[in-house]
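Residue numbers (our numbering): 13 to 107.
Virtual Cβ for every residue (Gly too), placed ideally from N, Cα, C.
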Amino acid sequence: MRISFERTGGFAGISRKKTVDTASIPANEADQLPSLIQAADFFNLPEKITASTTQPDRFQYKLTVEDENREHTITVSETALPGTLRPLIEWLQQK
Numbered sequence: 013m014r015i016s017f018e019r020t021g022g023f024a025g026i027s028r029k030k031t032v033d034t035a036s037i038p039a040n041e042a043d044q045l046p047s048l049i050q051a052a053d054f055f056n057l058p059e060k061i062t063a064s065t066t067q068p069d070r071f072q073y074k075l076t077v078e079d080e081n082r083e084h085t086i087t088v089s090e091t092a093l094p095g096t097l098r099p100l101i102e103w104l105q106q107k
């Protein structure tokens with residue numbers, strides 16, 4: 013499994029990108045990813061998740077998950093972040 017993660021926006025407007033591949037991280041960390049993806053129901057999330065009102069200086073997240081024959085990309089604003097997706101975002105930000 014491979015995840016590309018990008019966070020943009022915020023007060024300083026700094027972009028942060030990273031890619032996590034389960035083949036290149038410790039096994040105990042790699043074992044956490046599938047359950048985070050499943051708990052978020054990631055592959056069934058819409059491609060864009062936005063809030064009804066925009067707020068300046070909030071983060072935007074773009075995630076692409078590649079797993080075997082599946083690939084899905086979503087873009088979500090911080091203010092519209094589903095609670096089920098938050099643990100995955102937090103895990104990725106710690107890596």
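Nearest to residue i (by Cα), restricted to the options the options
i	options	result
ILE101	LYS74, GLU78, GLU83	LYS74
GLY22	THR96, LYS107, SER89, LEU97	SER89
ARG82	PRO99, PHE54, GLN106	PHE54
THR34	THR65, ALA63, GLU78, ARG28	GLU78
THR114	ALA92, SER27, THR85, SER36	This structure gives no information on residue 114, because the portion of the chain shown stretches from 13 to 107.
GLU59	GLU80, ILE37, THR87	THR87
TRP103	GLU80, VAL32, THR85, SER36	VAL32
PHE173	LEU97, THR76, ALA51	Past the edges of the chain, shown from 13 to 107, lies residue 173, and the structure says nothing about it.
For residue i, three-class secondary structure by DSSP
i	result
THR96	coil
Whole-angstrom C-beta distance between residue j and residue i, which should lie under 8 Å
i	j	result
SER99	ILE61	The residue asked about is misnamed: residue 99 is Pro in this sequence, not Ser. Rounded, the Cβ-Cβ distance is 16 Å, inconsistent with contact.
Q.
Three or more C-beta pairs under 8 Å: does that hold for the stretch 65–73 against the stretch 34–48?
A. no
Q: Taking only runs that begin and end inside the stretch 18–84, name each unbroken alpha helix (DSSP H) of 4 or more residues, in chain order.
A: 39–42, 44–52
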